[in-house]
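Working notes for the structure below.
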Amino acid sequence: MEGVELGVDHDGVDAGIWGKSNHLPRPYPLLWHLIDTAAVAGALWDRYLAPNQRRVIAEGLATDDSHAKSLIMFWAGLHDVGKATPGFQKKDGSAFDALRSAGSYEDVVGDGSLRHDTAGQLALPGLLAPLGYPQLVRRVSDRLAYRVAQIVGGHHGRFQQTSGPHGGQLQLGKGGWSKQRAALVRVVHEAVGSPKRPSAIGAAASVLVTGVVILADWLASQEHFLRQQSSRVPQYTGTEAASTHLAALSAPAAALLDDAGLGSPSFRAVRFDDLFPHRPNALQRSIIEELLPVVDSPGLLVVTAATGDGKTEAALVAAKRLAEVCGAHGFFFALPTMATSDEMYRRVRAFAARLAAGPAPVTLLHSMSWLNAEYEARAVVDPGGAAEVVSDDPSGDVVAPEWLRGPKRGLLAPMAVGTVDQALLAVLTTKHNALRLLGLSGKVFVVDEAHAYDDFTTSLLCHLLNWLGAYGCPVVLLSATLPSSQAATLVGAYEEGAGVGPTNTSVPYPGWTFVPAIQGRATVSISPTMREALVSGRTVEFTLDVRPVRHLVGSERDPADRRAVVRQVLAPVAEQGGCAAVVCNTVSDAQQTYRVVRDWASEGVDVVLLHSRFPARRREEITTQITSRLGKEGNRPKSMIVVATQVLEQSLDLDFDLLVTDLVPMAQLLQRAGRCHRHHRTRPPWAAQPRVVVLDPRGPDGVEHVRPAAWGDVYARYLLRATHLRLMGVDTIAVPRAVQGHVEAVYVPQEIHNDPVLSAEHNECRAQAMAERGTAELGVIPEPVGLADLVALSQTETPEWRASTRLGAESERVLCCYHDPDGMQWLDPQGRIPLPQRGSGPDGRFRSEEVRAILQETIPLRADILTGYDPPAALPASWGNNAWLKRIRPLWLPILPTGPGPATWARRSVHLDPELGLVVATAGAE
DNA sequence: AATAAAAAAAAA
């Protein structure tokens with residue numbers, strides 16, 4: 022034993038070893054940061070983790086609840102032990118000098134290249150040896166010491182691999198350093214109650230534990246907390262002082278959680294009518310009467326119905342019950358787009374406000390939530406002292422506190438609404454995926470529009486369901502019709518994770534099925550009676566009008582020319598009034614169709630074009646204009662024609678008297694058809710029956726099915742041909758009764774071998790789907806079952822920003838900028854708004870309103886269109902300092918005496934038209 | 001031989 026040094030008390034921890042120093046009046050001792058973090062981890066265990074999470078952890082440690090809690094506090098209290106190294110301590114020069122002058126730290130190796138998380142991971146196995154943690158056992162799962170070391174090494178969000186010889190060992194520091202690390206481990210261990218080592222540490226449990234460690238560290242590292250603690254921590258660093266101090270931390274730790282908004286909201290007992298402004302419909306009644314009374318365990322609920330059938334309310338009611346039954350602290354409501362997330366955020370916030378008894382913060386999660394004005398309206402404290410909320414909410418309890426708005430934190434909130442991508446990042450090999458899994462697995466995971474994803478994203482979703490199944494986390498999937506194969510894949514993934522089944526459950530449409538996550542528990546489905554009530558109550562018969570067309574080739578005089586057919590089917594609108602949509606498959610088809618219709622239509626007909634290739638602000642204006650007239654409470658015009666692309670399939674609650682569409686795969690066709698006669702209202706006599714016109718592209722003989730070259734690979738050949746074949750001979754579609762049959766016929770075909778072309782295309786389509794799933798597998802973390810080394814959650818060459826939750830052509834944000842003959846640069850074609858050279862914030866930084874204003878002018882564009890474009894000027898250098906502005910690509914358009922001109926490169930000529938949007942003309946193309 | 005819509009990106 023070395024002599025007792027100044028600052029080192031009899032248990033051997035030196036208070037001069039600092040843990041935090043940035044922005045603090047004096048360095049904060051490492052021991053106290055470790056004890057703080059242990060205390061917060063304990064508070065998280067008691068107050069934040071859901072029962073299923075505690076169970077998974079306790080089972081993974083093969084022990085009981087209270088032992089598991091002590092172990093987690095212990096390990097959390099080790100997370101920064103790698104800071105007791107010369108390399109780290111040198112980072113604060115004066116603290117380092119003070120430390121060395123008072124103690125014996127001769128070894129000053131370390132050039133700062135060894136990060137403290139890695140140092141901790143390297144040092145821990147040896148440090149844990151005296152506590153009986155096995156070191157060199159063959160089976161990886163038994164290498165307890167290495168597992169704990171990896172958890173500690175992963176506390177910055179990435180797991181590391183340090184088995185085998187590692188150069189960093191030399192930089193840990195010998196002598197005093199090594200003694201200090203041992204002393205820290207000893208004091209922390211005793212302070213948390215000297216938990217015995219567990220007999221196992223399961224991998225899936227370790228991931229959650231890592232999440233707890235990361236979260237505890239974040240909470241305990243807040244500057245205001247450290248400042249406050251600075252004056253409170255004991256003078257001595259012995260075991261006794263540490264134990265006393267840890268006990269005293271229970272109130273401050275709980276306060277940290279409360280202030281951050283982490284907790285379990287309590288729900289009031291309310292009836293359906295108290296939550297929503299109407300009585301339950303057939304679907305909702307069936308959930309309330311047939312499902313809620315029998316649910317007593319986590320599981321997967323699949324609800325299928327058409328959009329507008331009240332799935333959201335049904336899901337919220339079911340999620341509330343599942344949360345109560347499972348002890349989950351809330352839910353995450355996942356949606357396919359940012360726009361639908363914004364909309365759902367408002368609804369969920371209202372729901373939460375009515376339901377919550379106390380704080381129940383709701384967060385909004387997507388990349389642009391910071392420019393959602395409603396979400397950004399914070400609670401403000403007025404000078405009088407009473408908290409006031411800037412919003413129309415009945416209660417301020419649903420406003421997310423500041424902490425939850427920080428990066429990567431929103432998913433930890435009790436209630437969250439956002440894009441599904443935010444959840445899918447949990448199963449990609451991205452930084453902090455353990456934290457995302459922690460946030461998700463404590464709640465009910467609700468996925469809206471589960472049919473809306475391609476094979477790539479669905480594959481990621483399956484992967485996530487597998488993990489959530491393993492965590493015993495309840496899930497609700499909402500969907501329109503799903504091909505039975507796809508439904509089976511989703512259900513199967515969850516069952517596999519949960520270790521039940523496979524039950525090969527088939528999902529009824531419309532209706533619901535609940536698959537419990539407990540072996541032996543029976544599946545529950547909507548009763549035949551209720552299902553019949555649901556079907557007959559909402560049956561609509563669509564007249565299907567398939568028109569052979571020649572797709573934009575040849576003469577307009579040809580009666581089968583697409584343009585001529587469009588005019589013909591729209592004639593009643595022009596002559597007698599009414600509202601119709603023409604949904605096209607490509608932007609340029611939509612632009613051309615719009616020109617044809619606009620030039621042909623009479624004065625009184627309002628013709629509008631909508632697609633994605635408008636500046637964001639303009640697209641919003643057009644969307645608002647359309648929904649304000651054709652939405653549920655819309656001020657309906659006498660006659661209106663909307664020409665659009667697939668944007669019309671997405672979420673917009675519009676109602677047309679007549680729907681005209683290009684041929685698309687069956688699922689999308691039915692989705693589009695849903696925009697026809699959506700609400701109950703009086704219609705022009707000619708449109709008394711709902712009618713869908715399908716423009717079916719044909720070859721020169723007017724019979725043979727062809728896929729127009731201009732459609733590229735937007736839709737698979739097989740899906741178009743199979744849909745085309747299915748539609749022949751069909752003249753009505755009864756919704757919802759006949760929907761599943763039509764979908765199955767196309768997506769799960771029984772007899773295609775008779776048709777060699779179809780069967781070849783089917784193979785091609787399946788190969789494509791398989792390739793997409795294969796691509797998805799590349800970026801995904803392994804399944805929890807059989808996961809041996811945690812490093813597999815992080816091991817990847819792909820940097821964080823490359824992680825992708827959607828497959829498809831790269832896309833850029835393009836800003837049309839104008840330059841006049843004098844070389845002046847403008848944001849608008851009139852030359853009134855100069856291109857902002859700097860922001861109005863400190864150091865010329867851009868304020869968020871300014872960033873928002875610029876982003877509002879950008880247009881999403883497939884990246885390959887820009888290939889060969891060499892911008893004549895760069896955007897202002899100051900834009901490079903802003904994360905959003907620096908990614909914008911300029912498109913320079915000349916201001917000519919005649920008005921704004923096009924930009925040209927390669928074979929392209931591109932200009933921005935106020936009515937048509939961005940027009941991309943390609944020379945040589947027909 | 002050509003192409004929809006959709007998302008993402010700061011922590012201790």
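22 is the number of the first residue of the first sequence in the numbering used here; add one for each residue after it. Even for Gly, the Cβ is constructed at its ideal location relative to N, Cα and C. Since the structure is predicted, the reported quantities are computational estimates derived from the model, not experimental observations.
Asked: Identify, in the order they occur along the chain, each residue of the same chain with its Cβ nearer than 8 Å to the Cβ of residue 926, setting aside the five sequence neighbours on each side.; Found: 889, 890, 891
Asked: Please go through the region 46-119 and give each complete alpha helix (DSSP H) segment of 4 or more residues, from N-terminal end onward.; Found: 51-68, 72-81, 86-97, 107-110
Asked: Using only alpha-carbon positions, find the residue among 667, 630, 677, 588 that is nearest to residue 651.; Found: 677
Asked: How far does the beta strand (DSSP E) with residue 368 in it extend, from its first residue to its last?; Found: No beta strand (DSSP E) holds residue 368; the alpha helix (DSSP H) holding it covers 359-376.
Asked: Go through its chain and collect everything with a Cβ distance to residue 415's Cβ below 6 Å, but skip five positions before and after it.; Found: Unreliable positioning characterises residue 415 in this predicted model, as indicated by a pLDDT of 48, which lies under 50. A coordinate reading is not provided.
Asked: Name the two residues that bound the continuous beta strand (DSSP E) containing residue 488.; Found: That residue, residue 488, is in no beta strand (DSSP E); its alpha helix (DSSP H) goes 476-491.
Asked: Decide if residue 589 is buried, meaning its Cβ has at least 16 other Cβ atoms within 10 Å, or exposed.; Found: exposed
Asked: Which same chain residues end up closer than 7 Å to residue 77 when comparing Cβ atoms and leaving out the 5 residues on each side of it in sequence?; Found: 225, 226, 229, 492, 493
Asked: Among the candidates 486, 514, 713, 740, whose CA atom is the shortest distance from the CA of residue 562?; Found: 713
Asked: I'd like the list of long-range same chain contacts for residue 406, defined as Cβ closer than 6 Å, with 5 residues on each side in sequence excluded.; Found: In this prediction, residue 406 has a pLDDT of 40, which is less than 50 and means its spatial position is unreliable; what the coordinates show is noted afterwards. Around residue 406: no qualifying Cβ.
Asked: Starting from residue 839, trace the beta strand (DSSP E) in both directions and tell me its first and last residue.; Found: 832-840
Asked: For residue 300, does the three-state DSSP call read helix, strand or coil?; Found: coil
Asked: Who are the Cβ neighbours of residue 89 in its own chain at under 6 Å, not counting the five residues just before and after it?; Found: 78, 79, 82
Asked: Of the residues 552, 902, 768, which one's Cα is nearest the Cα of residue 790?; Found: 768
Asked: Given this structure, state the Cα-to-Cα distance separating residue 434 from residue 479, to the nearest angstrom.; Found: 25 Å
Asked: How many angstroms separate the CA atom of residue 297 from the CA atom of residue 396?; Found: 22 Å
Asked: Look at the alpha carbon of residue 242 and the alpha carbon of residue 641, and state the distance between them as a whole number of angstroms.; Found: 41 Å
Asked: Considering only residues of the same chain and omitting the five flanking positions on each side of residue 91, which have a CB-CB separation below 6 Å?; Found: 213, 214, 216
Asked: Less than 8 Å between C-beta atoms, sequence neighbours within five positions excluded: which residues of the same chain meet that for residue 18?; Found: Nothing can be reported for residue 18, as the shown portion of the chain is limited to 22 through 947.
Asked: Expressed to the nearest angstrom, what Euclidean distance is found between the alpha-carbon atoms of residue 833 and residue 86?; Found: 50 Å
Asked: Would residue 632 and residue 938 be called neighbours here (beta carbons separated by less than 9 Å)?; Found: yes
Asked: Mapping DSSP to helix, strand and coil, what is residue 531?; Found: coil
Asked: Please name the residue or residues paired with residue 206 in a DSSP beta bridge.; Found: Note: residue 206 sits in no beta bridge, so no partner.
Asked: If you run the structure through DSSP and keep just helix, strand and coil, what is residue 429?; Found: coil
Asked: Locate the beta strand (DSSP E) running through residue 762, then write down its first and last residues.; Found: Taken as a continuous stretch (DSSP letters only), residue 762 belongs to no beta strand (DSSP E), being part of the alpha helix (DSSP H) at 760-768.
Asked: In this structure, how does DSSP classify residue 254 when only helix, strand and coil are distinguished?; Found: coil
Asked: Return helix, strand or coil for residue 562, following the three-state DSSP convention.; Found: strand
Asked: Can you tell me whether residue 39 is buried or exposed? The criterion is at least 16 other CB atoms within 10 Å of its CB, across all chains shown.; Found: buried
Asked: On the DSSP bridge list, what partners appear for residue 41?; Found: 49
Asked: For residue 439, report the span of its beta strand (DSSP E) as first-last.; Found: 436-440
Asked: If I'm right that residue 168 touches residue 235 with Cβ under 8 Å, what's the distance once you round it to whole angstroms?; Found: At roughly 16 Å, the Cβ-Cβ gap does not stay under 8 Å, so residue 168 and residue 235 are not in contact.
Asked: What do you reckon, are the CB atoms on residue 477 and residue 741 nearer than 9 Å?; Found: no
Asked: Of all the options 294, 897, 174, which has the alpha carbon lying nearest to the alpha carbon of residue 812?; Found: 174
Asked: Between residue 378 and the rest of its own chain, which residues show a CB-CB distance below 6 Å, the 5 nearest in sequence each way excluded?; Found: 287, 289
Asked: Among the candidates 449, 528, 497, 58, whose CA atom is the shortest distance from the CA of residue 503?; Found: 528
Asked: Which of the three DSSP states, helix, strand or coil, is assigned to residue 932?; Found: strand
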